[in-house]
Amino acid sequence: MLVLAPVQFKAPPEEVEAIATRAIVPPARVRPVDGSVAKLQEMFAKVPVAAVIRRSEELPRALASQVPAVFFVRAPAFHLGPLVWAVQAKHKMAFVHIDLIAGLGKDRAGIAFLAREIGVNGIITSHSGLVAAAKAERVIAIQRLLLYDDLALPSAMTALEHARPDIVEVLPGVIFPLVVDQIRARFALPIIVGGFVTEPGQREAALQRGALAISTSTAGLWS
Amino acid sequence: MRSPEVSGVMLPAVRDGASLNHALDLGYRQVLLERGSLLALVGPLVSAARQGIAIFVNLDGVEGLAPDTAALNFLATDLGFSGVISVKPHALRDASRFRLRTVQRIHAIDSTGLETGLSSIVSPVPYAIAVAPAVAVPQVISTVRAATAAPIWGTGFITSVGQASEVLAAGAAVVSSSSPEVWHAFSPVPVR
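So the sequence lines, in the order shown, correspond to chains A and B. Quick note: the first sequence, position 110, residue 110 per the numbering used here, numbers continuous. Quick note: the second sequence, position 84, residue 307 per the numbering used here, numbers continuous.
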């Protein structure tokens with residue numbers, strides 16, 4: 001008697017993974033070709049401005065501009081995906097300020113959600129611990145140096161030393177000329193200058209002092 | 224309130240016994256304990272307060288104090304200090320219950336942060352709003368003015384006489400600095 005062996009169907013492992021990916025990832029999400037710090041620096045060399053988005057209605061103007069990077073501050077975490085993918089579809093990089101984001105834990109799981117589920121290019125935070133988590137997720141880590149107090153500068157520099165972010169963002173902009181030499185003396189990190197940068201003159205002054213870029217919510221400075 | 228008031232435009236920010244003595248030697252009748260251990264300085268601070276020196280404490284910066292009602296009661300009742308500075312609305316609300324003057328610090332880091340700070344201004348109206356860093360005062364004072372009637376102070380990152388003058392010219396009522404050089408320039412007694 002002839003016994004037929006049951007048909008074994010086994011897709012190659014890479015195809016299984018591809019099918020699973022298709023099942024969970026909405027079609028709107030695009031995979032950035034190169035999301036490295038080097039690529040970002042190259043993009044900033046052409047247009048040294050990051051658009052800071054506080055409300056979603058500000059996004060279309062940023063998308064239409066030449067800025068290579070968009071910083072989302074204060075966005076609701078669980079409605080962020082389409083905004084981030086819209087940015088990436090325009091070949092710009094999307095960064096999320098995790099400290100101010102609504103609804104998301106300020107922890108490793110929160111970072112993993114942004115990196116894996118949404119696919120952000122980078123994380124902005126003022127907390128050294130979150131910088132390490134962002135680097136572990138292989139996204140760009142931007143550490144904010146909030147300089148409201150000269151007595152706090154030494155501890156901020158120590159925090160920077162421990163965290164070793166990819167980029168440091170110095171705020172407010174008016175402080176940058178006062179601290180740039182001290183930061184440069186200790187770190188070779190690229191610096192973004194943000195916070196009340198509202199005039200073209202302030203942008204030029206920051207770039208002349210060696211900033212990689214400025215970040216601003218003033219749409220007039222995006223082009 | 225029977226505790227001493229702030230007089231003049233310069234509030235020296237001190238952090239230890241040496242800087243406290245330096246500010247008092249220059250004739251200042253007010254100091255802000257910005258950093259350092261409050262408990263290590265209690266003796267000299269209390270004797271200064273007894274002589275009518277207005278003492279303000281940065282609740283977010285000093286070590287050795289919990290930001291709770293027991294600590295605030297201690298500052299007001301046992302030590303006779305004049306007021307506290309904090310970014311935390313609940314700490315300021317508690318402080319006003321102990322008849323301490325409340326200075327609400329607003330971080331002028333970027334427009335988002337400023338909005339958040341201004342939306343948290345406490346009621347009753349604070350004794351003053353302290354904008355940090357002070358060097359941002361010229362850029363933000365119109366926005367702060369629109370949000371509150373309280374006098375505006377500038378604290379943090381004042382390292383030169385020129386910066387202090389600029390912040391005062393922009394409309395700040397009081398400016399705080401940790402730089403003795405700036406204290407000298409604004410000293411209420413003539414320097415010999």
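Every residue gets a Cβ at the ideal spot worked out from N, C-alpha and C, and that includes glycine. From a predicted model like this one, the values you see are computed outputs, not experimental measurements.
Residue i beta carbon near the ligand NAD (any heavy atom closer than 7 Å)
i                      : result
residue 134 of chain A : This structure does not include the ligand NAD; it has no bound ligands of any sort.
Contact set for residue i: own chain, Cβ-Cβ below 7 Å, skip 5 residues either direction
i                      : result
residue 403 of chain B : 245
residue 162 of chain A : 128
residue 135 of chain A : 141
residue 391 of chain B : 232, 398
residue 118 of chain A : 80, 81, 84
residue 386 of chain B : 358
residue 67 of chain A  : 47, 49, 50, 51, 92, 222
Neighbour flag for residue i against chain A, beta carbons, 8 Å
i                      : result
residue 371 of chain B : no
residue 258 of chain B : yes
residue 385 of chain B : no
residue 399 of chain B : no
residue 231 of chain B : no
residue 379 of chain B : yes
residue 324 of chain B : no
residue 292 of chain B : no
residue 405 of chain B : no
Residue-chain proximity (residue i, chain B), Cβ-Cβ < 8 Å
i                      : result
residue 40 of chain A  : no
residue 177 of chain A : no
residue 99 of chain A  : no
residue 217 of chain A : yes
residue 195 of chain A : yes
residue 171 of chain A : yes
residue 146 of chain A : yes
residue 181 of chain A : no
residue 80 of chain A  : no
residue 74 of chain A  : yes
residue 221 of chain A : no
residue 212 of chain A : no
residue 174 of chain A : yes
residue 160 of chain A : no
residue 151 of chain A : yes
Close-in-space but distant-in-sequence residues of the same chain around residue i (CB under 6 Å, 5 per side omitted)
i                      : result
residue 468 of chain B : Nothing about residue 468 of chain B can be read from this structure; chain B reaches only from 224 to 415.
residue 22 of chain A  : In this prediction, residue 22 of chain A scores a pLDDT of 44, lower than 50, which makes its location untrustworthy; the coordinate-derived value is nonetheless stated afterwards. Nothing listed; no residue qualifies.
residue 312 of chain B : 343, 345
residue 239 of chain B : 259
residue 408 of chain B : 384
residue 314 of chain B : 282, 290
residue 145 of chain A : 156, 168, 170
Same chain only: Cβ atoms within 8 Å of residue i, ignoring 5 sequence neighbours per side
i                      : result
residue 394 of chain B : 360, 364, 368, 375
residue 176 of chain A : 170, 191, 193, 206, 209, 211
residue 264 of chain B : 239, 240, 243, 256
residue 396 of chain B : 232, 351, 374, 375, 376
residue 24 of chain A  : Confidence is the limiting factor: at residue 24 of chain A the pLDDT is only 45, short of 50, which leaves the residue's position unreliable and the question unanswerable from this model.
What beta strand (DSSP E) runs, 3 residues minimum, are completely inside the stretch 270-307 of chain B?
277-281
Using 8 Å as the cut-off, can you tell me whether the stretch 57-68 of chain A makes contact with the stretch 146-163 of chain A, which would need three or more C-beta pairs spanning the two stretches below that distance?
no
Under 7 Å (Cβ pairs) to chain A, residues found in the stretch 326-338 of chain B
330, 331, 332, 333, 334, 335
Between the stretch 237-254 of chain B and the stretch 367-375 of chain B, do three or more beta carbon pairs fall short of 8 Å?
no
Could you run through the stretch 339-367 of chain B and flag, in chain order, every residue whose CB is less than 8 Å away from some CB of chain A?
355, 356, 358, 359, 362, 363
Can you check the stretch 110-168 of chain A for any alpha helix (DSSP H) of at least 4 residues that lies completely inside it and give the ranges in chain order?
128-136, 153-163
For the stretch 206-219 of chain A against the stretch 342-355 of chain B, are there 3 or more C-beta pairs whose distance is under 8 Å?
no
Runs of 4 residues minimum, wholly inside the stretch 22-86 of chain A: which ones carry the alpha helix (DSSP H) assignment?
37-46, 59-64
Runs of beta strand (DSSP E) lying entirely within the stretch 324-407 of chain B, each at least 3 residues, in chain order
324-330, 351-355, 375-378, 397-400
Given 8 Å, three or more beta-carbon pairs between the stretch 100-111 of chain A and the stretch 64-78 of chain A:
yes
Three CB pairs or more closer than 8 Å across the stretch 323-339 of chain B and the stretch 297-310 of chain B:
yes
Can you give me, in chain order, the residues of the stretch 52-67 of chain A that have a beta carbon less than 9 Å from any beta carbon in chain B?
52, 54
Please confirm if the stretch 42-49 of chain A is in contact with the stretch 80-88 of chain A, defined as three or more CB-CB distances below 8 Å between the two stretches.
no
Which residues of the stretch 231-247 of chain B have a Cβ closer than 9 Å to any Cβ of chain A? Give them in chain order.
236, 238
State whether the stretch 194-202 of chain A contacts the stretch 331-339 of chain B, with contact taken as three or more CB pairs (one from each stretch) at a distance under 8 Å.
yes
Closer than 7 Å, Cβ to any Cβ of chain B: which residues of the stretch 107-131 of chain A, in chain order?
none
Where the stretch 294-314 of chain B meets chain A: residues whose CB sits under 8 Å from a CB there:
none
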